[in-house]
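Peer 1:
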Amino acid sequence: MSLFTRILDSSMYSPHGICLLWEPELIWLHVVSDSLIAVAYFSIPVCILYIWWKRTDFKYRWIAWPFFAFIVSCGLTHVLAIVTLWTPIYGIEGLVKAATAAASLFTAVVLWRMLPDMLLMPTLAQMQTARQALKSQTQQIRNAEQALQRFRDIEATEPQIRQAQKMEAVGQLTGGIAHDFNNLLTVITGSVEELAHSLKDRPHLAGIVEMIDQAASRGAALTAQLLAFARMQPLSPSAVDVNDLILRAVRMLRRTLGETVEIEVVLADGLPTALVDESQLETAMLNLALNARDAMAGAGLITIETATARMVEAQPDRYPDLAPGWYVVIALLDNGRGIAAEDLGKVVEPFFTTKEVGKGTGLGLSMVYGFAKQSNGHLVIESTPGKGTKVSLFLPAAAPPPQALAARVHAEARVVVVEDDPLLRAAIATRFDHLGHRALTAAGAAEALTLLARPDRVDALFVGAVCGAFSGRQLADEAVKLKPGLRVLLASPGHHGGAEAGCCGTGAVLPIATPYRAADLAATLRAALAQ
Numbered sequence: 001m002s003l004f005t006r007i008l009d010s011s012m013y014s015p016h017g018i019c020l021l022w023e024p025e026l027i028w029l030h031v032v033s034d035s036l037i038a039v040a041y042f043s044i045p046v047c048i049l050y051i052w053w054k055r056t057d058f059k060y061r062w063i064a065w066p067f068f069a070f071i072v073s074c075g076l077t078h079v080l081a082i083v084t085l086w087t088p089i090y091g092i093e094g095l096v097k098a099a100t101a102a103a104s105l106f107t108a109v110v111l112w113r114m115l116p117d118m119l120l121m122p123t124l125a126q127m128q129t130a131r132q133a134l135k136s137q138t139q140q141i142r143n144a145e146q147a148l149q150r151f152r153d154i155e156a157t158e159p160q161i162r163q164a165q166k167m168e169a170v171g172q173l174t175g176g177i178a179h180d181f182n183n184l185l186t187v188i189t190g191s192v193e194e195l196a197h198s199l200k201d202r203p204h205l206a207g208i209v210e211m212i213d214q215a216a217s218r219g220a221a222l223t224a225q226l227l228a229f230a231r232m233q234p235l236s237p238s239a240v241d242v243n244d245l246i247l248r249a250v251r252m253l254r255r256t257l258g259e260t261v262e263i264e265v266v267l268a269d270g271l272p273t274a275l276v277d278e279s280q281l282e283t284a285m286l287n288l289a290l291n292a293r294d295a296m297a298g299a300g301l302i303t304i305e306t307a308t309a310r311m312v313e314a315q316p317d318r319y320p321d322l323a324p325g326w327y328v329v330i331a332l333l334d335n336g337r338g339i340a341a342e343d344l345g346k347v348v349e350p351f352f353t354t355k356e357v358g359k360g361t362g363l364g365l366s367m368v369y370g371f372a373k374q375s376n377g378h379l380v381i382e383s384t385p386g387k388g389t390k391v392s393l394f395l396p397a398a399a400p401p402p403q404a405l406a407a408r409v410h411a412e413a414r415v416v417v418v419e420d421d422p423l424l425r426a427a428i429a430t431r432f433d434h435l436g437h438r439a440l441t442a443a444g445a446a447e448a449l450t451l452l453a454r455p456d457r458v459d460a461l462f463v464g465a466v467c468g469a470f471s472g473r474q475l476a477d478e479a480v481k482l483k484p485g486l487r488v489l490l491a492s493p494g495h496h497g498g499a500e501a502g503c504c505g506t507g508a509v510l511p512i513a514t515p516y517r518a519a520d521l522a523a524t525l526r527a528a529l530a531q
């Protein structure tokens, strides 16, 4: 105890400044140097503690404490070196140096013990190589994940693609049959009209002719449904106020469906007009309502809703072939028996029906599906067995229709009729003649272009079936080059309605549905000449 007391007793010692002869320059050199060294020493432990706090995964994290004690002790020796210049506390300085020696020896022993492990640590080059290899492996994993996601997307969309291809094939077959059948009906209806005119004074035979005419009309209605499914039904799209159309349709539907079916209407405010054929949309609404009534066994609730939908980007998995843009959505909901999951993909196929034999043709939803596709829209059917069905019809939004142009009236028109079937060609020419117009016939595109190349006036070109190198649209383009301002009537259902109708050079192209009556032919020709 007396030794410790004597060490701490500074009364017998002189300050260190005496040894420096109190030279101011020398004194300040020591003070400034020791101060800077002490500040550097004290900052190092702060850095070590920060690393210790942040890198909890460091293998030798515990070594921070010996280093901390060693470096703090070193800093204190330099602080005391400054103090002893004026105060001879050499005992305290000695004790601090002893603590520094102990900390430094312990730290040195630990470092030598750790040296083999530290030499095994990877070099910077090795770490960069490992990092590059890890980066490459990570990229390979990402590429594999992206490829797997693409495969999953393909697998998810494959059923829709197969269904679309199937529907396209069925549509082409259906459209071809309906087109040929329409040609036959055109000849039949034309002949019936001629017979009816000739047999006015023979009631018995006139009645038989009337029966033939009614059968032909029913056949025409059937082919119209088939053409609607095949997207070959000529359309006349215009800007339609869907809310107004639904309100008018509901009045008719209440009478058609009966008192046991309740109809609820929920209309959206500010609904834009839809670019659609108004009469075809009314027919589609009727078909959907009749299907809903049958699903509810003649009694229940039908809800008709409208909404606006915006397709920001294409969604082929849910809305195939639906381009980005604004759409008017008509949804019809019922609380009927619903549709089984395995039948959902088949209900739009022609002649497929879940009804009992004799209670449905299976063409209602097919017609609506074809109408939606031909209108550049889509049909979505959602159903839960036992709870009901929701059918959503997406139709492209449109701006208000332009002002109608002033009509041009022609008392008599000169029409070139192009049709490769001689029987049908003669029947069409006869109809034009009976309507007060003059018909010039051509068996093919070359003969028609020869007639048009003459200087004689020709007001319109009627294009039926055309064989050879020209399609109906190509013939129309060539014809307008020869006769600017020529009006073209396309009677073949091989076109896509609104996609065929429109401007052609300086002329205009209008579709006409087959089979057609004389009144239809006259109205279409008047509309063409009025453009």
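Take the sequence shown: its position 293, counted from the start at 1, is 293 in UniProt numbering, and no numbers get skipped.
Glycine included, every Cβ here is placed at the ideal spot set by N, Cα and C.
The model shown is predicted, which means the values in this text are computed figures rather than measured ones.
Quick check: what's the CA-CA separation for T189 versus V463?
Peer 2: Going by the C-alpha atoms only, they are around 19 Å apart.
Peer 1: Would L288 and V391 qualify as a contact pair, given that the criterion is a beta-carbon distance under 8 Å?
Peer 2: yes
Peer 1: Indicate the three-state DSSP secondary structure (helix, strand or coil) for A397 in the structure shown.
Peer 2: In the three-state scheme derived from DSSP, where H, G and I count as helix and E and B as strand, A397 is classed as strand.
Peer 1: Is it buried or exposed, L373, if we count other Cβ atoms within 10 angstroms and call 16 or more buried?
Peer 2: Sequence check: residue 373 is Lys here, not Leu. The residue is buried, with at least 16 neighbouring Cβ atoms inside 10 Å.
Peer 1: Between T441 and the rest of its own chain, which residues show a CB-CB distance below 6 Å, the 5 nearest in sequence each way excluded?
Peer 2: Hits under 6 Å: V417, R425 and A429.
Peer 1: Just verifying my parser: in three-state terms, what is the DSSP assignment at K481?
Peer 2: helix
Peer 1: Using the Cα positions of M311 and W326, report the straight-line distance between them to the nearest angstrom.
Peer 2: 6 Å
Peer 1: For A530, tell me which candidate among L482, A460, K481 and R517 has the shortest Cα-Cα distance.
Peer 2: Looking at the Cα atoms, A460 is the closest of the given residues.
Peer 1: Using the three-state DSSP reduction, which class does V509 fall into: helix, strand or coil?
Peer 2: strand
Peer 1: How many angstroms separate the CA atom of A518 from the CA atom of D213?
Peer 2: 13 Å
Peer 1: Report yes if the CB atom of P45 is closer than 8 Å to the CB atom of A103, and no otherwise.
Peer 2: no
Peer 1: Suppose only complete runs of 3+ residues qualify. What are the beta strand (DSSP E) ranges in the segment 270-325, listed by chain order?
Peer 2: Taking only runs of at least 3 residues, the beta strand (DSSP E) segments lying wholly in the segment 270-325 are 273-276 and 300-311.
Peer 1: Candidates P324, K387, A331 and L332: which alpha carbon is nearest residue 570's?
Peer 2: Only positions 1 to 531 of the chain appear in this structure, which leaves residue 570 out of reach.
Peer 1: Counting along the chain, where does the alpha helix (DSSP H) carrying T256 start and finish?
Peer 2: Start and end: V242 to L257.
Peer 1: Between the alpha carbons of L332 and S236, how many angstroms are there, rounded?
Peer 2: 24 Å
Peer 1: Might you give, ordered along the chain, the residues of its own chain that have their beta carbon closer than 8 Å to the beta carbon of A268, omitting 5 neighbours on each side?
Peer 2: N243, E305, T306, A307 and T308
Peer 1: Mapping the DSSP letters down to three states, classify residue 533 as helix, strand or coil.
Peer 2: As displayed, the chain neither begins before 1 nor continues past 531, which places residue 533 out of reach and without an answer.
Peer 1: Shortest alpha-carbon distance to A98 belongs to which of A69, L120, T123 and P116?
Peer 2: Across the set A69, L120, T123 and P116, the C-alpha of A69 shows the shortest separation from the C-alpha of A98.
Peer 1: Going by C-alpha distance, which of G472, E264, F151 and H78 is nearest L449?
Peer 2: G472
Peer 1: Tell me which same chain residues have a C-beta within less than 6 Å of the C-beta of E262, skipping the five on either side of it?
Peer 2: L301
Peer 1: Taking the alpha-carbon positions, what's the P515 to R142 distance?
Peer 2: 59 Å
Peer 1: Please state the DSSP three-state secondary structure of I381.
Peer 2: Strand at I381.
Peer 1: Mark S73 as exposed unless 16 or more other C-beta atoms lie within 10 angstroms of its C-beta, in which case mark it buried.
Peer 2: buried
Peer 1: At which residues does the alpha helix (DSSP H) containing P96 begin and terminate?
Peer 2: Note on identity: in this sequence residue 96 is Val, with Pro being the wrong assignment. Note, V96: alpha helix (DSSP H), Y90 to L120.
Peer 1: Taking the alpha helix (DSSP H) that R431 falls in, what are its first and last residues?
Peer 2: Taken as a continuous stretch (DSSP letters only), the alpha helix (DSSP H) holding R431 covers P422 to H434.
Peer 1: When DSSP labels each residue in this structure, what does S198 get in the three-state scheme?
Peer 2: helix
Peer 1: Look up A133 in the DSSP assignment and say whether it is helix, strand or coil.
Peer 2: In the three-state DSSP reduction, A133 falls in the helix class (H, G or I).
Peer 1: Rounded to whole angstroms, how far is the Cβ of V458 from the Cβ of S375, which I believe are closer than 8 Å?
Peer 2: At roughly 33 Å, the Cβ-Cβ gap does not stay under 8 Å, so V458 and S375 are not in contact.
Peer 1: Could you check which residue in R414, A413 and G370 has the C-alpha nearest to that of L393?
Peer 2: G370
Peer 1: So which of L344, E259, F470 and K483 has the shortest CA-CA distance to P455?
Peer 2: From the listed residues L344, E259, F470 and K483, the smallest Cα separation to P455 is found for K483.
Peer 1: Quick one: grab the DSSP three-state call for V357.
Peer 2: For V357, the predicted model reports a pLDDT of 46, less than 50, meaning its position is unreliable; a value from the coordinates is still stated below. In this structure, V357 counts as coil in the three-state DSSP scheme.
Peer 1: The beta strand (DSSP E) that contains A40, what's its start and end?
Peer 2: Note, A40: premise wrong, no beta strand (DSSP E); alpha helix (DSSP H) at P24 to K54.
Peer 1: Return the chain-ordered list of same chain residues with a C-beta closer than 8 Å to the C-beta of H437, the five sequence neighbours on each side being excluded.
Peer 2: Closer than 8 Å at Cβ, skipping near neighbours: E412, A413, R414, V415 and L525.
Peer 1: To the nearest angstrom, how far is it from the Cα of H197 to the Cα of V209?
Peer 2: Taking the straight line from one Cα to the other gives about 10 Å.
Peer 1: With DSSP run on the structure shown, which of helix, strand or coil describes F229?
Peer 2: For F229, the predicted model reports a pLDDT of 49, less than 50, meaning its position is unreliable; a value from the coordinates is still stated below. It is helical.
Peer 1: Give me the residue from L257, D241 and I246 with the minimum Cα distance to G270.
Peer 2: D241
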